[in-house]
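A short write-up of the structure that comes next.
Numbering (the numbering used here), first residue to last: 59 to 535.
Next up, the structure:
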């Protein structure tokens, strides 16, 4: 049986029509500008005798049509006006300007079922009430969707490869670096170092932002510094030469770090502590000066600060276990902190800081192990580039190596000597007790001086403080 002859849609001269133009930044092969799209659409309207009301021109600039969660205000308004029967004709440069997701087409077809929408393009027109045109459109949109998915997959793969080779993120310039992310901008790098130094010495992000504001220093966007932008800089792993990908540390980057590993580790410890205080509302709790230092000799684990009744104490972190590893060792915090503080002040009074400290020099074995792992990582990159191993194998083996490197580098971390500025020599006690000396800086100095404060079992009767159970392990200075 012959197919019925296709019925062409009728157009009444002067009939209202709508224009829709869209461009995304880099996700589409066709980057025809919005202005040119609108000009072409108006020419189509003129050729077909359609009238364009200025209120019926809908534009989505820098909006991707294939990102499923991306809002498109112009598209939403177009559908709403079509439902209200303000026009029956829609003109677009190409169907993929309108939609790249099948659900977008189905939404438009649903409107068309009621309004008999005709879709006009540069090369053709589609009557959305005609089964053949609907079929062709579904194929075109499915093809556009597949093309977008392929583009997305290639982009994700390229970004992953860039991360795995240690290259920096592309995109917006970071403070302290040129737009390539590799070259240090020295005038800004000095500001970065100053911000980290001020924070380590106890200044808040608010006060640091105020200092930068008074000196007329701007962000990379030419705006004033705020506590938020200062915090973002303190949290920036790029300044420490650490490559991130999808929220995880991938490994060392190939660009020069502005901040050394020791300064970064110290700032991270303080930022995480302050974050925990904020989240759990611990501002009213006392500050435990030996946080991260006190260790249980029996268990080899850290002892955390807490109250036992009304007495501030350090308790073994295995106190909550219910097996044979349960440990309830504790020691009074006030007397322990006073004891360790006196030891620190005595050491600072005898200490002269000049140049690199002995504790900054890693052992030969540790250095050689890191260098061997880095050579193995380079060989692994070559094997992956030559397609001798799959990407899955590469990522698994690379993670094992980078984990070993990271663990070794944490042991090689050099605590920043700047922590001791103004604290050494005959004036050590006065500097330690000065009002501007914060507890957080005191804690950082104690962790710089001492590797740990090891607590043994008490040999004294209950209620008698046993000084002999305390063993302070000093770092090599």
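Cβ coordinates follow ideal geometry from the N, Cα and C atoms, glycine included.
Task: Beta-carbon proximity check, residue 431 vs residue 462, cutoff 7 angstroms - done: Contact: yes.
- [ ] With DSSP as the reference, please indicate the residues paired to residue 74 in a beta bridge.
- [x] For residue 74, which the question treats as bridged, DSSP gives the partners 109.
Task: Extent of the continuous alpha helix (DSSP H) run through residue 532 - done: For residue 532, no alpha helix (DSSP H) segment is defined; the enclosing uninterrupted segment is the beta strand (DSSP E) at 528 to 532.
Open item on the list: Can you confirm whether the segment 352 to 369 touches the segment 318 to 328 when touching is taken to mean that 3 or more C-beta pairs between the two stretches lie within less than 8 angstroms?
Closed with: Fewer than three beta-carbon pairs drawn from the segment 318 to 328 and the segment 352 to 369 are found closer than 8 angstroms, and the two stretches are therefore not classed as touching.
- [ ] Determine the direct distance from the alpha carbon of residue 398 to that of residue 407, and round the result to whole angstroms.
- [x] Going by the C-alpha atoms only, they are around 14 angstroms apart.
- [ ] Taking only the alpha-carbon atoms, compute the straight-line gap between residue 159 and residue 151 and give it to the nearest angstrom.
- [x] Going by the C-alpha atoms only, they are around 17 angstroms apart.
TODO: Taking 7 angstroms as the cut-off, decide whether the C-beta atoms of residue 476 and residue 255 are in contact.
DONE: With a cutoff of 7 angstroms on beta-carbon distance, residue 476 and residue 255 are scored as near each other.
Task: Enclosing alpha helix (DSSP H) for residue 286 [first to last residue] - done: Run containing residue 286: 285 to 292, per the alpha helix (DSSP H) assignment.
- [ ] Report the rounded CA-to-CA distance for residue 312 versus residue 293, giving the unit in angstroms.
- [x] Computed Cα separation, rounded: 19 angstroms.
TODO: Apply the 10 Å Cβ neighbour rule to residue 95 and answer buried if 16 or more other Cβ atoms are within range, or exposed otherwise.
DONE: By the 10 Å Cβ count, residue 95 comes out buried.
Open item on the list: Report the start-end ranges of each alpha helix (DSSP H) in the segment 310 to 380 that is 4 residues or longer and not cut off at the edges.
Closed with: Secondary structure remark: continuous alpha helix (DSSP H) runs of at least 4 residues inside the segment 310 to 380, in chain order: 319 to 338.
Open item on the list: Tell me the DSSP secondary structure of residue 132 in three-state form.
Closed with: In this structure, residue 132 counts as helix in the three-state DSSP scheme.
- [ ] Quick one: grab the DSSP three-state call for residue 177.
- [x] Correct three-state label for residue 177: strand.
TODO: Give me whichever residues DSSP pairs with residue 302 in a beta bridge.
DONE: The partner list for residue 302 (beta bridge, DSSP) reads 307.
Open item on the list: For the beta strand (DSSP E) containing residue 264, name the first residue and the last one.
Closed with: For residue 264, no beta strand (DSSP E) segment is defined; the enclosing uninterrupted segment is the alpha helix (DSSP H) at 263 to 272.
Open item on the list: Among 369, 383 and 328, whose alpha-carbon lies nearest the alpha-carbon of residue 354?
Closed with: It is 383 whose Cα lies nearest to the Cα of residue 354.
Task: Assigned secondary structure, residue 545 (DSSP; H/G/I helix, E/B strand, else coil) - done: Absent from the model: residue 545. The displayed extent of the chain is 59 to 535, so no value can be given.
- [ ] Using 10 angstroms around the beta-carbon of residue 380, count the other beta-carbons present and answer buried if the total reaches 16, otherwise exposed.
- [x] In the assembly as shown, residue 380 is an exposed residue. Its beta-carbon has fewer than 16 other beta-carbons within 10 Å.
TODO: Can you tell me which of the three DSSP states residue 433 falls into?
DONE: Note: residue 433 maps to helix in three-state DSSP.
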